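Participant: One structure is given below, represented as structure tokens, and several questions about it will come after.
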Amino acid sequence: MEHLRRYMESAIASSPDHPVLIDKFLDHAVEIDVDCVSDGREVVVGGIMEHIEMAGVHSGDSACALPPRSLDRDLQDEIRRQVRLLALELGVRGLMNVQFAVADGRVYVLEVNPRASRTVPFVSKAVGIPLAKIAARVMAGESLADLGLTAEVVPAYTSVKEAVFPFIKFPGVDTLLGPEMKSTGEVMGIDRRFALAFAKAELGAGNRLPESGAALVSVREEDREDLERIARRLAGAGLSLIGTRGTAAFLRSRGLDCATVNKVREGSPHAVDAIRSGTVSMVINTCGTPQAVEESFSLRRAALETGVPYFTTIAGADAAAEGIVLLKSARAGVEALQDLHAAGTAGGHPAR
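Mapping of the sequence shown onto the working numbering: position 140 corresponds to residue 141, and the numbering continues sequentially without gaps.
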């Protein structure tokens with residue numbers, strides 16, 4: 002509340018003649034991206050993508066999975082229904098992107114963009130359909146039926162898109178993710194299992210998931226319950242745990258073996274020393290206050306500069322832990338994209 006009060010005072014002081022718009026924020030909402038193409042009469046969904054990071058992280062910075070991994074069939078069909086209605090009512094001819102948030106079983110429309118989005122190349126490669134080419138021909142007067150696109154393709158494998166960031170080029174920029182887009186590129190990983198697809202995407206983005214070493218964890222208090230599950234996975238995969246004082250004490254109280262390391266302000270040897278010494282192979286760091294963000298900046302920067310994979314959201318860390326566990330027991334193979342496309346759909350369930 003103190004942070005909100007200071008922000009409002011600053012906003013009013015800097016622009017006293019303009020109102021401050023206040024939006025309701027959806028806690029623990031899953032963000033969904035949908036690309037579709039319409040000829041004005043029919044609408045075909047190109048792909049439904051589920052963001053890995055929670056709503057609140059810019060869609061361009063969030064990793065995402067296609068097909069969605071946690072939405073049940075009814076929710077997916079409701080999303081398809083709303084996409085169809087929006088496209089037809091808006092008279093869209095060509096591509097359209099819709100961003101949704103799903104919270105407590107309800108679907109909320111965040112924004113509708115009657116244009117090609119940055120996700121179109123990813124979706125096209127994931128499902129094997131040239132959406133941009135089809136959309137251009139639709140805009141020139143052809144119908145979807147003429148072009149042979151009459152139903153959504155739901156792959157029998159998972160594609161994960163991951164953002165690529167330029168942080169190493171800009172020493173003063175923080176790596177924390179938020180509502181402002183910071184990424185400058187994207188990569189994708191494909192596998193029949195989500196965890197391996199995510200691991201491949203991380204590798205493509207320059208973040209090879211570790212299979213040994215120590216995970217350094219320092220998270221805000223409200224993330225500790227979720228961290229316990231992640232820490233158990235990492236420990237089970239053979240990684241040791243190192244935590245700042247509060248985080249380490251919490252994990253030990255839950256029966257996990259976790260060494261304690263000082264925060265930078267507490268003096269050496271501290272977390273940054275541990276990262277630069279080479280003993281840390283992974284960093285998980287979330288922040289709850291502006292002071293915590295400022296104090297932990299050097300930790301995130303050290304991870305970046307030493308090439309240690311780091312995760313600044315619990316959702317991202319959870320996906321990484323899932324990938325690490327599977328990497329210990331399964332090999333990430335390579336398949337030709339054409340073979341995957343030819344394999345067809347996952348008993349695809351386009352809208353009923």
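Don't be surprised by glycine CBs; every beta carbon is placed ideally from N, CA and C. If you're wondering where the values come from, they're calculated on a predicted model, not measured in any experiment.
I'd like to check one pair, V218 with L228: are the Cβ atoms closer than 8 Å?
Facilitator: yes
Participant: If you count every other CB in all the chains shown that lies within 10 Å of the CB of Q100, and 16 or more means buried, which is it?
Facilitator: buried
Participant: Would you call the segment 193-204 and the segment 227-245 in contact, with 3 or more CB pairs under 8 Å?
Facilitator: The segment 193-204 is not in contact with the segment 227-245.
Participant: Give me, in chain order, the residues of the same chain whose beta-carbon lies closer than 8 Å to that of K329; leave out the 5 immediate sequence neighbours on both sides.
Facilitator: Result list for K329: E212, A238 and G239, in chain order.
Participant: In the DSSP assignment, find the unbroken alpha helix (DSSP H) run with L327 in it and report its ends.
Facilitator: I315 to S330
Participant: Measuring only the C-alpha atoms, how far is I248 from D73?
Facilitator: Here the sequence assigns Thr to residue 248, which means Ile is not the residue at that position. Taken atom to atom, the span from the alpha-carbon of T248 to that of D73 is near 34 Å.
Participant: Compute every distance between the C-beta of E90 and the non-hydrogen atoms of the ligand NAD, then say whether any falls below 7 Å.
Facilitator: Of ligands this structure carries none, so the ligand NAD is not represented either.
Participant: Are G48 and V165 touching if we call contact CB-CB under 8 Å?
Facilitator: At least 8 Å separates the beta-carbon of G48 from that of V165.
Participant: Rounded to whole angstroms, what's the CA-CA distance from L178 to V58? Just pull it up for me.
Facilitator: Answer to the nearest angstrom: the Cα atoms are 6 Å apart.
Participant: Quick one: residues in its chain with C-beta nearer than 6 Å to the C-beta of V93, no 5 flanking neighbours on either side, listed in chain order?
Facilitator: Once the five neighbours on either side are set aside, the close Cβ partners of V93 are S39 and P115.
Participant: Looking at the structure shown, is T307 part of a helix, part of a strand, or coil, going by DSSP?
Facilitator: helix
Participant: Straight-line CA distance for G244 to V284?
Facilitator: 10 Å
Participant: Please say whether K126 and M189 have beta carbons closer to each other than 8 Å?
Facilitator: M189 places its beta carbon less than 8 Å from that of K126.
Participant: When you compare the segment 180-187 with the segment 152-168, are there three or more beta-carbon pairs, one atom per stretch, that lie closer than 8 Å?
Facilitator: Taking a cut-off of 8 Å for Cβ pairs, the segment 180-187 and the segment 152-168 touch, as three or more such pairs fall below it.
Participant: By how many angstroms is the C-alpha of A14 removed from the C-alpha of R119?
Facilitator: 37 Å
Participant: Counting C-beta neighbours from all protein chains within 10 Å, is the total for H29 16 or more, i.e. buried, or is it exposed?
Facilitator: exposed
Participant: Report the start-end ranges of each beta strand (DSSP E) in the segment 225-249 that is 3 residues or longer and not cut off at the edges.
Facilitator: 241-245, all fully within the segment 225-249.
Participant: Looking only at its chain, what residues have a beta carbon closer than 6 Å to the beta carbon of G289, apart from the 5 residues adjacent to it on each side?
Facilitator: R221
Participant: Would you call L5 buried or exposed, if buried means 16 or more other Cβ atoms sit within 10 Å of its Cβ?
Facilitator: It counts as exposed.
Participant: Under DSSP, the alpha helix (DSSP H) around A1 begins and ends at which residues?
Facilitator: In this structure the chain extends from 2 to 353, so residue 1 is not present and cannot be described.
Participant: Can you look up S94 in the DSSP assignment and give me helix, strand or coil?
Facilitator: Reading off the sequence shown, one finds Arg at residue 94, where the question assumed Ser. Residue state, collapsed to three classes: strand.
Participant: How far does the alpha helix (DSSP H) with R277 in it reach, from first residue to last?
Facilitator: A272 to R277
Participant: How would you write the range of the alpha helix (DSSP H) that K126 sits in, first residue to last?
Facilitator: V121 to V128
Participant: By Cβ distance below 7 Å, which residues in the same chain neighbour S297 in space, the five residues on each side in sequence not counted?
Facilitator: S219, N286 and C288
Participant: For Y109, which residues does DSSP report across the bridge?
Facilitator: A102
Participant: Below 8 Å between beta carbons: does that hold for S60 and V31?
Facilitator: For S60 and V31, no; Cβs fall outside 8 Å.
Participant: Does the distance from the CB of R266 to the CB of C259 come in under 8 Å?
Facilitator: no
Participant: Could you name the residues that DSSP lists as bridge partners for L67?
Facilitator: S160
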